[in-house]
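These protein sequence lines are chains V and L, in that order.
Numbered by the numbering used here, the letters in the first sequence go through residues 1 to 429 in order.
Numbered by the numbering used here, the letters in the second sequence go through residues 430 to 704 in order.
In this text, a Cβ means the ideal position worked out from N, Cα and C, and glycines have one as well.
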Amino acid sequence: MDCDIVLVGLNHRSAGVDVRERFALTEHCDPEHWAVPCTGPIRESVILSTCNRVELLAAGKGDVAGQMQRDWAQARHATPAELAPYVYVYKNREAIRHLFSVASSLDSMVIGEPQILGQLKTAYRKAVSSHSTGAILNRLLHKAFSVAKRVRTETSVASSAVSISYAAVELAKRIFGDMHAHNAMLVGAGEMAELAAKHLLQAGISEILVANRTFSRGQDLARQFSGRVIPFEKMTAYLTEVDIIITSTAAQESLIRARDIRTVLKIRKNRPMFFIDIAVPRNIDPDVNGLDNVYLYDIDDLREVVEENQAIRRDEALKANDIVNEEVEHFTAWLTSLDVQPTIVDLIHRSEEIGHKELEKTLKRLGHVDEATHEALEALVGAMVKKLNHDPIMFLKNDGMAQEGNTQRISLVRRIFNLDATGSHLKEL
Amino acid sequence: MISPDLSTGVALALYSGAVITGIFGMLARRLFWSRCGCILAFSAFAFQTLTLALGFHKALPGGLTAGAYFQLMAWFVVLCALIALVKLRQPSTLIFAATLGLMLFVMSTPYLTAVVRLPETLSTAFYALHIGTLFLSLALMALAFAAGGLFLFLENRIKSKRSVKGFWQDMPALSLLDRINAFTVIAGYPLYTLGILSGLVWARPVYGVSMTGDPKEIVSIVIWLLFSILFHNRLTRGWRGRKPAQVAVGIFLLCLFSIFVVNTFMNTHHAFIRN
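Below is the structure:
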């Protein structure tokens, strides 16, 4: 290969958060450092820097990895030796595989999380605006985006919730479907309950009511969610209005009992209710789940859902790896095929040159010929050159797809057709 | 005029294609194949509509045979599913309806020449009212059955905190399934009532009495009573969710018993007679 693809980076597995912060290349860098300078052995480059990883991807020839580490360390006012213990280096096939895995969120802390693809796209946009990408990285990054899309479409790696708050919202969707016609009540103010409320709002819930023992805290929360605060003591009365109830108070006894809900259901004409009890000890009587059209999930139930989903994602990641490997093969084949291009160009030039010279000789020998004969002879030579070139070009292209022996094939064609001949050799012809 | 065997074969092939691709799409969670299933189901419905418009029943011995009734019922089921698809935007409804349609078509094949004995005095208006309303309500009940069965399964999994993953993950939400139940009950009950009433009215000039004690009549009245309970409680007492789903499943199973056991094995004037 005329050009190597090299990836140098550190991530949540190879370095702690302090190291990642120290060597991050987004927050503290000038816009011109969105890409490693394309000097020396580096021809193209892209930088991906997120809270969990900093990775530098480059295409070039020579000591690309060394140059990248030196540039990176310099940008963060450190020495390459300080950076070296935390860094991994991947080259060519391994670099491509790693990039595809990162784009597909298979290398993320939470497998299947959707942010990384967006971050990679942003990194690529910045590199493009810095004019640091070329034919190879452009194609590689576009391929990485399409691999990520394929992984998401063909596997369930990102389909189920892996956080407790999001799992609760997913369950709410299974019960209510379209969330726009439903509302929720937040009883108490725990971090997880607030997160669930945020996810509910993102899912399109129409309104959030907040009931908190400290009214002012409730007001703050209601403002945060553009909702409505209600007095904590009247919380039960509002149950007739709300469909989703998230509880997370420090109360030692049940705030909501099954007998209260029976009355509420009559008033609601059995419209379904979903209770999410994130509190420990629990705020809702477990018997509530036994009522028709009422669903209750406590923190342990949700944790089980999340664990199950994580296991599913791990299984799906294996399928996704197969897709990544397949795409790595395709991309490597394309990359390798680039090697044969100069030989094909030389072959065509060489044969056209010979054809042209032979045509000139023949025309001289024939003397004056009419225009039609001249054109016919030109067409004859052109067609012969084209047809004679077809087989060696196909031989090069087909064998170019194979990994092994590509250099040997190129060398063979170059020797057979004398493509490395000097000017004197050509004159002899 | 298209031959009944040929039209049945083509419709069977189209419904089979719809079911295979649609169910595969749902199981593998591939939208493309689910869409293909919907397109094939719609093609089967369009083809059946065409054959009905061309007078498919006229080519059958003795006019409308038992097999033709089943095929007509399949057409009604898919028609109702198409309405539900437009209203609720759930492609799975059409796939399930196509599955029911396919089952009805398969069941129709041995009965293609089995004539339903009808009193000479009955006019075509009787067909339109008695058979038409009953078959349309049966099609709606079939949808209520599918939605109800799915509701009971999914609700049980959610209640018992078991996972709803893979294929089941793409099924409609519980609220939507309950809405399908409400829609089918509210539309199906008046139609079924009209069908039963028209039967009772027309029985008087034919048999001298409205109720002859025929097994089919008794089972139909039991179905109507259950249907009345469901309709009444749904509208006035706010029945939702599990109870109406259970009753809808029970009603449709009773309907199947009425069609396949009463009509085939019992001594009734609704019996299928094979030529």
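Query raised in the report: Are the C-beta of P520(L) and some C-beta of chain V separated by less than 8 Å?
Result: Locating residue 520(L) in the second sequence gives position 91, counting from the first residue. For P520(L), the answer is no, since every Cβ of chain V falls outside 8 Å of its Cβ.
Query raised in the report: What does a CB cutoff of less than 8 Å around A189(V) pick up in its chain, not counting 5 residues either side in sequence?
Result: Reading the first sequence from its first residue, position 189 is the one you call residue 189(V). Excluding residues within five positions, the ones whose Cβ falls inside 8 Å are V210, N212, R217, G218, L221 and S248.
Query raised in the report: Buried or exposed: Y90(V), going by 16 or more other Cβ atoms within 10 Å of its Cβ?
Result: For this step, residue 90(V) is matched to residue 90 along the first sequence. The residue in question, Y90(V), is buried, as its Cβ has 16 or more Cβ neighbours within 10 Å.
Query raised in the report: Mind pulling the chain V residues with CB within less than 8 Å of I587(L)?
Result: Taking the first residue of the second sequence as position 1, residue 587(L) is located at position 158. Per Cβ cutoff of 8 Å: L171, R174, I175 and Y295.
Query raised in the report: Are at least three pairs of beta-carbons, each pair with one atom in the region 244 to 261 of chain V and one in the region 585 to 594 of chain L, less than 8 Å apart?
Result: no
Report task. Could you tell me whether any Cβ in chain V is nearer than 8 Å to the Cβ of P433(L)? Result -> Taking the first residue of the second sequence as 1, we reach residue 433(L) at position 4. No - not a single Cβ of chain V is within 8 Å of the one on P433(L).
Requested in this report: Measure the C-alpha to C-alpha separation of K645(L) and I688(L) and round it to an integer number of angstroms.
Outcome: Taking the second sequence and counting its residues from 1, one reaches residue 645(L) at position 216. Taking the second sequence and counting its residues from 1, one reaches residue 688(L) at position 259. Using only the alpha carbons, I get a separation of about 9 Å.
Requested in this report: Report yes or no: is there a C-beta of chain L within less than 8 Å of the C-beta of S160(V)?
Outcome: Taking the first sequence and counting its residues from 1, the one referred to as residue 160(V) is at position 160. Interface residue, yes.
Query raised in the report: From the beta carbon of C515(L), is the nearest beta carbon of chain V less than 8 Å away?
Result: Along the second sequence, read from residue 1 onward, the residue named residue 515(L) stands at position 86. First, the amino acid is wrong: residue 515(L) is Val here, not Cys. No, V515(L) does not count as interfacial toward chain V.
Query raised in the report: Grouping DSSP H, G and I as helix and E and B as strand, with all else coil, what is K386(V)?
Result: Here residue 386(V) is taken as the residue at index 386 of the first sequence, counted from 1. Looking at K386(V) - three-state DSSP - the assignment turns out to be helix.
Query raised in the report: Can you find a C-beta in chain V that's less than 8 Å from the C-beta of G561(L)?
Result: By 1-based counting over the second sequence, the position of residue 561(L) is 132. Closer than 8 Å: no.
Query raised in the report: Where does K269(V) fall in DSSP's three states?
Result: For the purposes of this step, residue 269(V) is identified with residue 269 of the first sequence, where counting begins at 1. K269(V): coil per DSSP, three-state reduction.
Report task. Could you say which of L291(V), L377(V) and L57(V) lies nearest to L10(V) if we only look at CA atoms? Result -> Sequence index remark: in the first sequence, residue 10(V) carries index 10 (1-based). Of the candidates L291(V), L377(V) and L57(V), the one whose C-alpha sits nearest the C-alpha of L10(V) is L57(V).
**Report entry** Burial state of I560(L), where buried means 16 or more other Cβ atoms lie within 10 Å
**Finding:** By one-based count along the second sequence, residue 560(L) stands at place 131. Burial call: buried.
Report task. State buried or exposed for Y540(L), treating a residue as buried only when at least 16 other CB atoms are found within 10 Å of its CB. Result -> Residue numbering aside, residue 540(L) sits at position 111 when the second sequence is read from its first letter. Classification of Y540(L): buried, given that the 10 Å Cβ count is 16 or more.
Query raised in the report: Taking 8 Å as the CB-CB cut-off, is A602(L) touching chain V?
Result: Translated into the one-based positions of the second sequence, residue 602(L) becomes position 173. It does; some Cβ of chain V falls within 8 Å.
Requested in this report: Measure the beta-carbon distance from A440(L) to A473(L) and round it to whole angstroms, keeping in mind my assumption that it falls under 8 Å.
Outcome: The residue you call residue 440(L) lines up with position 11 of the second sequence. The residue you call residue 473(L) lines up with position 44 of the second sequence. That pair is a contact at about 6 Å.
Query raised in the report: In chain order, what residues of the same chain have a beta carbon less than 8 Å from the beta carbon of G382(V), not counting five sequence neighbours either side?
Result: Indexing the first sequence from 1 puts residue 382(V) at position 382. Cβ within range, chain order: G355.
Query raised in the report: Is it buried or exposed for E371(V), if we count other Cβ within 10 angstroms and need 16 for buried?
Result: Counted from its first residue, the first sequence places residue 371(V) at position 371. So E371(V) ends up on the exposed side.
**Report entry** Inter-residue spacing [alpha-carbon to alpha-carbon] between Q500(L) and S436(L)
**Finding:** For the purposes of this step, residue 500(L) is identified with residue 71 of the second sequence, where counting begins at 1. For the purposes of this step, residue 436(L) is identified with residue 7 of the second sequence, where counting begins at 1. Approximately 11 Å, taken between the alpha carbons.
Report task. Pull up the distance between the alpha-carbon of G577(L) and that of R228(V), whole angstroms please. Result -> Locating residue 577(L) in the second sequence gives position 148, where the first residue counts as 1. Locating residue 228(V) in the first sequence gives position 228, where the first residue counts as 1. In a straight line, the C-alpha of G577(L) is about 37 Å away from that of R228(V).
Requested in this report: Closer than 6 Å by C-beta to I276(V): which residues in its own chain qualify, once you throw out the five before and the five after it? Chain order, please.
Outcome: Numbered from its first residue, the first sequence carries residue 276(V) at position 276. Only A168, I246 and Y297 meet the Cβ criterion.
Query raised in the report: Thinking just about the alpha-carbon of each residue, which of Q477(L), N610(L), A527(L) and W462(L) is nearest to the one in R671(L)?
Result: Position 242 of the second sequence holds residue 671(L). Taking only the C-alpha atoms, the option nearest R671(L) is N610(L).
**Report entry** Pick from L99(V), L377(V), K269(V) and K364(V) that is closest to F331(V), judged by C-alpha positions
**Finding:** Residue 331(V) sits at position 331 when you count from the first residue of the first sequence. Here the closest residue by C-alpha is L99(V).
Query raised in the report: Three-state secondary structure (DSSP) at P231(V)?
Result: Here the question's residue 231(V) lines up with position 231 in the first sequence. Reduced to three states, the DSSP call for P231(V) is strand.
Report task. Could you pull out every unbroken alpha helix (DSSP H) segment of at least 4 residues lying fully inside the region 162 to 186 of chain V, listed in chain order? Result -> 164 to 176
Query raised in the report: Would DSSP call T522(L) helix, strand or coil?
Result: By 1-based counting over the second sequence, the position of residue 522(L) is 93. Correct three-state label for T522(L): helix.
Query raised in the report: For chain V, is any of its Cβ atoms less than 8 Å away from the one on L605(L)?
Result: Locating residue 605(L) in the second sequence gives position 176, counting from the first residue. Yes, its Cβ sits closer than 8 Å to a Cβ of chain V.
Query raised in the report: Can you find a heavy atom of the ligand SAM that lies under 7 Å from the Cβ of R268(V)?
Result: Summarising the ligand content, the structure contains no ligands, and the ligand SAM is consequently not present.
Query - Check whether P80(V) and Q69(V) have beta carbons under 8 Å apart - result: Position 80 of the first sequence, counted from the first residue, corresponds to residue 80(V). Position 69 of the first sequence, counted from the first residue, corresponds to residue 69(V). Cβ distance < 8 Å, so P80(V) and Q69(V) count as in contact.
Query raised in the report: In angstroms, rounded to a whole number, what distance separates the CA positions of F274(V) and V242(V)?
Result: Within the first sequence, numbered from 1, the residue matching residue 274(V) stands at position 274. Within the first sequence, numbered from 1, the residue matching residue 242(V) stands at position 242. In a straight line, the C-alpha of F274(V) is about 9 Å away from that of V242(V).
Requested in this report: Taking 8 Å as the threshold, find out whether the region 297 to 310 of chain V comes into contact with the region 319 to 330 of chain V through three or more Cβ pairs.
Outcome: no
Requested in this report: Confirm, please, whether the CB-CB distance from H182(V) to I244(V) is below 8 Å.
Outcome: For the purposes of this step, residue 244(V) is identified with residue 244 of the first sequence, where counting begins at 1. For the purposes of this step, residue 182(V) is identified with residue 182 of the first sequence, where counting begins at 1. Yes.
**Report entry** Reduced DSSP category for F453(L) - H, G, I as helix; E, B as strand; rest coil
**Finding:** Along the second sequence, one-based indexing puts residue 453(L) at 24. Reduced to three states, the DSSP call for F453(L) is helix.
**Report entry** Minimum Cβ-Cβ distance from P114(V) to chain L less than 8 Å
**Finding:** As a position in the first sequence, residue 114(V) is number 114, starting the count at 1. Cβ-Cβ to chain L under 8 Å: no for P114(V).
Query - Cα-Cα separation between G112(V) and F686(L), rounded to whole angstroms - result: Here residue 112(V) is taken as the residue at index 112 of the first sequence, counted from 1. Here residue 686(L) is taken as the residue at index 257 of the second sequence, counted from 1. Straight-line Cα distance between these residues: approximately 49 Å.
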